[in-house]
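Notes follow the structure.
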Amino acid sequence: MKSKKILVLNTLFVSSFIFAQETQQQKFKVDAGFEFRIVPFNFKNEEGLYTTNKFFLYNRDKHLSGNSINVSIEYYFLKNTTIGINQSFRYDQLYSDNNLDNPNNYFTTDQHMRIIADTEIQLKQYFPLKNINHQIIASLGYGLMNNNTLFHVTEVYDRDPNGQINFSRTSEVDFQFQAYKIGVGYKYKRLEAMIGTYIVEKDNFDDYSSGFGMPFLKLSYNIVKF
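Numbered per mature numbering (1 follows the signal peptide of the UniProt record, and there is no 0), the sequence shown spans residues -20 to -1, 1 to 206.
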């Protein structure tokens, strides 16, 4: 009789523990996915001519657009509201310059590639629909973009007829900038799809800055919750 009571108590304890685990709200979630960035657009066009003292070749639009791999962790500090960190990586062209083996051919360039990282802090609000598996998402974020873009280049001012360098200068360049991020999306079970834009007020790409937007499309999958 005593053994039966122990079995019943153990069964009730295990059942209550499983129920508690199922009903306890999970506070963290980890997502991974891809983000595709569309060619940036300027908020306004600068009038007149401008000059630049940069002595390397670069294409801001090509450099910023394309695909990146994303990993994020979010914390539910409210039932349907999270704050989190999003980290993205991409392998992209940093800049190009004249091929030193053929300096007289301006159509031949050396491509310099680099792994570039973006770190963002984001606030997300989930709006459940009638079916709990379907939710609308609104997101705000702030990021440090183009990390690991610091590089050094040498400007050659003159060469004599023998090809010897008469004067040169090495300069430090960094394409890092800061951006705000707004987006809306849709969540179905573990899948999320979002569209939006980065808003950049000032950058290091040109000698003037008019500010620009960088549209994006992001797809992610929830790997784990805990």
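For every residue, glycine included, the Cβ atom is placed at its ideal position computed from N, Cα and C.
Model, not experiment: these values are computed from the prediction.
In the DSSP assignment, D11 falls within the beta strand (DSSP E) that extends over 8 to 17. About 44 Å separates the beta carbon of K24 from that of K205, a gap too long to meet the 8 Å contact definition. For L130, the closest C-alpha among the options R170, I179, F185 is that of F185. The DSSP-derived three-state label of K169 is coil.
Per DSSP, K42 is not a residue of any beta strand (DSSP E); the alpha helix (DSSP H) it occupies stretches across 40 to 44. Here the region 111 to 119 makes contact with the region 158 to 174; the two share three or more CB pairs at distances below 8 Å. Rounded to whole angstroms, the Cβ separation of N60 and Y106 is 4 Å, and the two are in contact under 8 Å. In the structure shown, P20 falls within a coil segment according to DSSP collapsed to helix, strand and coil.
In the DSSP assignment, T61 forms a beta bridge with L58, Q105.
In the displayed model, P141 falls within coil according to three-state DSSP, outside both helix and strand. For Y201 against G64, the beta-carbon gap comes to about 15 Å, at or over 8 Å, which does not count as contact. Rounded to whole angstroms, D154 and L58 show a C-alpha spacing of 38 Å. Taking the CA atoms as reference points, P141 sits about 14 Å from F147.
When D77, E54, S45 are compared, the shortest CA-CA separation from Y71 is found for S45.
The beta carbon of T134 lies closer than 6 Å to those of S148, T150 in the same chain, with the five residues before and after it left out.
Close CB contacts of M125 within its chain, under the 6 Å cut and outside five residues either way in sequence, are with D98, F157, A159 (chain order). Note: Q156 is not bridge-paired with any residue in the DSSP secondary-structure output.
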